[in-house]
Structures are given as structure tokens and as C-alpha cells.
Amino acid sequence: MSRDRLLSALVPALCLACAPPPSPSYPYGGTVQFRELVPPGSGPTFRIDVALAASVAGSAAFPTGCSFSSAPVAVTGVSAGNVSLGDGDVALASMPFDAAHNSYPSVTSGPLLNWKPGDTLQADGDGAVVTTFDGVVNAPSHLVSVMPAALNGASTAHIPLGQDLTVTWAAGAGQLVSLQLADTSSKASVTCTGPDSGQLVLPHSILSMMVKSTHVTATLARVNMLKGTSSNADIGIVATSELHTAVSLE
0 MSRDRLLSAL VPALCLACAP PPSPSYPYGG TVQFRELVPP GSGPTFRIDV ALAASVAGSA
60 AFPTGCSFSS APVAVTGVSA GNVSLGDGDV ALASMPFDAA HNSYPSVTSG PLLNWKPGDT
120 LQADGDGAVV TTFDGVVNAP SHLVSVMPAA LNGASTAHIP LGQDLTVTWA AGAGQLVSLQ
180 LADTSSKASV TCTGPDSGQL VLPHSILSMM VKSTHVTATL ARVNMLKGTS SNADIGIVAT
240 SELHTAVSLE
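Residue numbers (numbering that gives the first Met the number 0): 0 to 249.
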């Protein structure tokens with residue numbers, strides 16, 4: 000799989016870790032995601048995604064625990080007007096809402112799209128269907144000492160479905176760490192999210208819901224998130240540092 004194809008397959012993956020709260024407190028919800036993407040064998044690229052919709056379809060919550068999804072949920076986006084994005088005093092991008100596609104275009108390039116761990120990333124929405132909002136989040140540090148080594152591209156990744164998958168890394172100061180295995184063919188996925196303690200276990204009872212496949216991408220991400228302020232939406236301002244690799248399930 001080419002680097003560009005791998006990144007394309009991985010882009011929507013982390014959004015599946017966002018789940019609706021049991022009782023939405025606002026009619027709208029979603030996330031502004033500042034993403035550092037690290038494919039094996041190459042330097043990082045940076046991407047910003049804005050996704051806002053009805054709260055029954057998306058929210059600012061990153062639940063802990065493990066889950067299986069048979070396919071991503073299709074949603075119709077709503078506008079918060081122009082969304083301005085920054086890194087401290089540096090303006091990164093200005094994102095208008097695309098009414099023809101009911102969504103915000105992703106920001107994937109630009110000379111200033113290159114933040115560092117600890118940077119203060121900010122988002123401000125001018126307001127429309129979703130009222131004006133703003134929020135900040137600190138960029139997390141990189142994941143290091145990841146095992147199994149296949150998850151950072153150090154070896155060929157073969158993951159057996161019949162046993163627990165235990166992932167370890169050097170514990171850090173992130174709010175959460177999320178692991179997702181997403182089948183780019185069937186669109187099914189499993190996700191596990193927990194504290195940045197240095198270990199995450201994906202139990203075989205969840206992993207075995209997947210089927211054998213050689214078209215699977217793994218995303219291991221350190222996550223920081225704070226809620227943005229809005230009068231009618233639950234919006235998470237999210238920053239991630241993500242390791243990506245292609246794996247096979249056996």
C-alpha cells in the first residue's frame with residue numbers, strides 16, 4: 000500500500016473513537032482535530048479536520064474501553080461558519096463550510112502546518128447553525144518505545160484474532176491513548192481507548208469480531224482534548240500524535 004493510500008485510508012479512522020453521549024446536552028456536537036500522522040519509514044504530516052453534526056451522530060466524547068463497529072456512521076454536517084485555526088500566535092488556516100457537500104474541507108498542506116509537542120492549538124468558529132465557539136488544546140508528545148514493534152513499522156505486522164492484543168509504550172502525559180484496527184475493505188473496525196499509562200489491551204472477545212484480512216490499518220494515537228465553548232454544541236478540540244501502519248489479521 001502506498002504512503003498516500005495508507006494516509007487516505009487512515010484519515011477517518013480516529014473519528015470512530017468519538018461516540019455520542021448517553022443524553023446529549025446540546026442539539027449539535029463534533030470535533031476539531033489537529034492530527035500529526037506518522038506513517039512507518041517517513042516523517043510526519045499534519046492534517047486538520049472539522050466535523051460538526053447533530054449530537055445523536057457525533058460528540059466531543061472519547062470513551063474509554065473497547066468496541067466494535069461494522070461500518071462508519073454516515074452523517075450530514077452542519078455549519079459553524081468560518082473556522083479559524085492557529086498555533087499560538089501563528090494563523091494556520093481558515094476553513095469555510097462547503098454547503099454543497101455539507102462538510103468542512105480538510106486542511107492537509109501549508110507552510111505553517113507543522114506544530115510541535117506542547118504547542119497551544121486553537122480553533123474559533125464564527126457561528127451559523129452551530130453558534131460561535133472557541134477552544135484550545137496542547138499538542139501531545141510522540142509515542143515512543145511501542146511494542147509490538149510492528150505497530151511502528153519496525154517489522155511485518157501479523158495480528159492473530161484468537162488472542163488478546165497487548166500494546167505497550169513509554170507512558171506519557173497525554174489524556175488518553177487510542178488503538179484502532181480498521182479494515183479498509185469491509186469498513187469494520189475495533190477501537191480501544193484508555194489512559195496514557197503505558198499499556199492497552201484489546202481483548203480477543205472484541206478482536207475476534209473482525210475477520211481475517213490483509214487490508215487493515217492500525218492507528219495508535221496519543222490524544223489530548225478539551226471542550227470548546229458554544230451555546231448549542233458539544234465540541235471537542237482534539238490534538239493527536241498518531242502512528243500508522245498496515246497490518247494483517249490472521
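For glycine and all other residues, C-beta sits at the position ideal for the given N, C-alpha and C. Bear in mind that the values here come from a model prediction, so they are computed numbers and not experimental data.
**Prompt:** So residue 83 is in the beta strand (DSSP E); what residue range does that whole segment cover?
**Reply:** In the sequence shown, counting from the first residue as 1, residue 83 sits at position 84. Element bounds for residue 83: 82-86.
**Item:** Candidates 207, 25, 49 and 212: closest to residue 161 by CA position
**Value:** Within the sequence shown, residue 161 is the residue found at index 162, counting from 1. When each option's Cα is compared against that of residue 161, the closest is 207.
**Request:** Could you check if residue 198 is buried or exposed, using at least 16 other CB atoms within 10 Å of its CB as the buried criterion?
**Result:** If you number the sequence shown from 1, residue 198 lands on position 199. With fewer than 16 Cβ atoms within 10 Å of its Cβ, residue 198 is classed as exposed.
**Asked** Is the CB of residue 28 under 7 Å away from at least one CB in chain B?
**Response** Although the question refers to chain B, the structure presented lacks it and comprises just one protein chain.
**Item:** Contiguous beta strand (DSSP E) assignments of at least 3 residues, all confined to the region 151-230
**Value:** 164-167, 175-182, 188-193, 198-201 and 212-226
**Prompt:** Quick one: what does DSSP say residue 149 is sitting in, helix, strand or coil?
**Reply:** Residue 149 sits at position 150 when you count from the first residue of the sequence shown. Note: residue 149 maps to helix in three-state DSSP.
**Message:** Looking at residue 159: is its Cβ nearer than 7 Å to the Cβ of residue 249?
**Reply:** Position 160 of the sequence shown, counted from the start, is the residue given in the question as residue 159. Position 250 of the sequence shown, counted from the start, is the residue given in the question as residue 249. Yes, these two residues count as a Cβ contact at 7 Å.
**Request:** Please list, in chain order, all residues of the same chain as residue 215 whose beta carbon is under 6 Å from its beta carbon, the five residues on each side excluded.
**Result:** Position 216 of the sequence shown, counted from the start, is the residue given in the question as residue 215. For residue 215, where only same-chain residues beyond five positions count, the Cβ hits under 6 Å are 180, 182, 246 and 248.
**Message:** Is the beta carbon of residue 240 closer than 7 Å to that of residue 141?
**Reply:** Looking up residue 141 in the sequence shown gives position 142. Looking up residue 240 in the sequence shown gives position 241. The answer is yes: Cβ separation under 7 Å.
**Message:** Counting C-beta neighbours from all protein chains within 10 Å, is the total for residue 59 16 or more, i.e. buried, or is it exposed?
**Reply:** In the sequence shown, residue 59 corresponds to position 60, counting from 1. Low confidence applies here, because residue 59 scores a pLDDT of 42, under 50, leaving its location unreliable and the question unanswered by this model.
**Message:** Please classify residue 224 as buried or exposed, where buried requires at least 16 neighbouring CB atoms within 10 angstroms.
**Reply:** If you number the sequence shown from 1, residue 224 lands on position 225. By the 10 Å Cβ count, residue 224 comes out buried.
**Message:** Rounding to the nearest angstrom, what Cα-Cα distance links residue 228 and residue 129 in this structure?
**Reply:** The residue given as residue 228 occupies position 229 in the sequence shown. The residue given as residue 129 occupies position 130 in the sequence shown. Roughly 11 Å between the two C-alpha positions.
**Message:** On the CB-based measure, 16 or more other CB atoms within 10 Å of its CB, does residue 236 come out buried or exposed?
**Reply:** Working through the sequence shown from its first residue, we reach residue 236 at position 237. Its Cβ being crowded by 16 or more others within 10 Å, residue 236 is buried.
**Request:** Determine the direct distance from the alpha carbon of residue 139 to that of residue 115, and round the result to whole angstroms.
**Result:** For the purposes of this step, residue 115 is taken as the residue at position 116 of the sequence shown. For the purposes of this step, residue 139 is taken as the residue at position 140 of the sequence shown. Taking the straight line joining both Cα atoms gives about 8 Å.
**Message:** Can you check which of these residues, 127, 85 and 169, is closest to residue 279 by C-alpha distance?
**Reply:** The first residue shown for the chain is 0 and the last is 249, placing residue 279 beyond what the model contains.
**Per-residue DSSP class, three states only, for residue 97** = Residue mapping note: residue 97 aligns to position 98 of the sequence shown, counting from 1. Three-state result, residue 97: strand.
**Simplified DSSP assignment, three categories, for residue 242** = Numbered from 1 along the sequence shown, position 243 holds the residue referred to as residue 242. It is a strand residue.
**Asked** Are the region 81-99 and the region 109-128 touching, with three or more C-beta to C-beta distances below 8 Å?
**Response** yes
**Message:** I need the straight-line Cα distance from residue 244 to residue 178, nearest angstrom please.
**Reply:** Counting from one through the sequence shown, the residue named residue 244 turns up at place 245. Counting from one through the sequence shown, the residue named residue 178 turns up at place 179. Cα to Cα, the separation comes out at about 12 Å.
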